[in-house]
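Protein chains in written order, with this note's numbering: chain P, 1 to 145; chain V, 1001 to 1145.
Structure first, commentary second.
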DNA sequence: AGTAAATCGGATCTATTAATCCGATTTAAT
DNA sequence: ATTAAATCGGATTAATAGATCCGATTTACT
């Protein structure tokens, strides 16, 4: 249920790229790493993953960089970025670490936890890039510190 | 929001110890590790932590082992075991990894996530050992597999 | 064509978590 | 007293996640 550091950086990077894609064409790795306060080389690795998964697109050479399509900004859900980086591990993860925890063979907190997990998943499935960058653009939320 | 492996093992061990404390006096490390399907040496380390924190008590020598008081079984909350092993890190942890994420300076998903976090915390604060071992004793839930 | 600015991609290093090892200590039973 | 069964505690090892390095590739600009 906790995201990996790679995924945290990946989401923040995606948001910054989306924001810049609306304003100017693209964002460079250097700018991205700076604006999300993440190590440049590590960010590069994560962005490569997102490019391969089709979440963002990249252009090499001078004036190159990363961008996100208008369609993606409007339609892409938070859960899709998470899946692209961390996979779907956390969806079936039992709080107490049981391999087969389910309705049939539940752990002692399965029932209490399932509602929370459902709400969390629902939130990730409905939150779009667009939703997230609105609060950024309005200066309400931020991506570093 | 995800527990460490040590904490997962620690909670499962606590539940087994509580269960055995009601039936027979104590449980040995060997039995505990077997019943919760966790490595013995690692479990030993975790139990030592729980003893030092006063969550469980131990007796050395033959016929020794670990036990939990009736009072603890009735009153101890899930969150207290988590704090004893993982600390309170996850309470103030931002989903996107921001160091200072708060109402004043929120990340782009702070508002959506805060409700989920609140519910989760509330659950951990009200769930007692007693609550958890009832479902175990009734054969509804389990501690391994 | 040449150069410099960018991403790409594989290998490597580092830090943290997970797990093990083993000798020291305690104590019940013979 | 001796032995054996248990926990204790410090040191070490293994596995994974986090991060870096550096040469290869692409491409805009002169």
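Note that CB positions come from ideal geometry on N, CA and C, so glycine has one too.
For residue 1021 of chain V, does the three-state DSSP call read helix, strand or coil?
helix
Quick one: what's residue 1097 of chain V bridged to in DSSP?
According to DSSP, residue 1097 of chain V bridges with nothing at all.
Would the beta-carbon of residue 50 of chain P fall within 8 Å of that of residue 59 of chain P?
no
Would residue 130 of chain P pass as an interface residue toward chain V - the criterion being a Cβ-Cβ separation below 8 Å?
Not an interface residue.
Could you check whether residue 1036 of chain V and residue 1143 of chain V sit closer than 8 Å to each other, using their CB atoms as the reference points?
For residue 1143 of chain V and residue 1036 of chain V, yes; Cβs fall inside 8 Å.
Taking only beta-carbon atoms, is residue 1127 of chain V less than 8 Å away from chain P?
yes
Just to confirm the assignment, what range does the beta strand (DSSP E) spanning residue 1067 of chain V have?
1065-1067
Please name the residue, chosen from P:95, P:64 and P:13, that lies closest to residue 42 of chain P on a Cα-to-Cα basis.
P:13
Using a Cβ-Cβ cut-off of less than 9 Å, give me the residues of the region 1095-1108 of chain V that come near chain P, in sequence order.
Going along the region 1095-1108 of chain V in chain order, one finds 1095, 1096, 1097, 1098, 1099, 1100, 1101, 1105, 1106, 1107 and 1108 with a Cβ nearer than 9 Å to chain P.
If you measure beta-carbon to beta-carbon, which residues of the region 1006-1037 of chain V are closer than 8 Å to chain P?
Correct list: 1008, 1009, 1011, 1012 and 1015.
Residue 123 of chain P touches chain V at which residues, Cβ-Cβ below 9 Å?
Simply 1109, 1112, 1113, 1115 and 1116.
Do the CB positions of residue 130 of chain P and residue 81 of chain P come within less than 8 Å of each other?
no
Kindly indicate the opening and closing residues of the beta strand (DSSP E) around residue 28 of chain P.
Element bounds for residue 28 of chain P: n/a, residue is neither H nor E.
Find the residues of chain P that neighbour residue 1119 of chain V, judging by a C-beta separation of less than 8 Å, and give them in chain order.
115, 116 and 119
Would you list, in chain order, the members of the region 51-64 of chain P that have their beta-carbon closer than 7 Å to a beta-carbon of chain V?
none
With distance defined between alpha-carbon atoms, name the residue in P:137, P:114, P:33 and P:86 nearest to residue 94 of chain P.
P:114
What does residue 1001 of chain V reach in chain P if we use C-beta pairs closer than 8 Å?
Against chain P, the beta carbon of residue 1001 of chain V has neighbours under 8 Å at 1 and 2, listed in chain order.
Quick one: what does DSSP say residue 1005 of chain V is sitting in, helix, strand or coil?
helix
Span of the beta strand (DSSP E) around residue 1059 of chain V:
1057-1059
DSSP three-state assignment for residue 1144 of chain V, whether helix, strand or coil:
coil
Run the CB neighbour count on residue 76 of chain P, radius 10 Å, all protein chains shown included, and call it buried at 16 or more, exposed below.
buried
On the DSSP bridge list, what partners appear for residue 1077 of chain V?
Residue 1077 of chain V pairs with V:1128.
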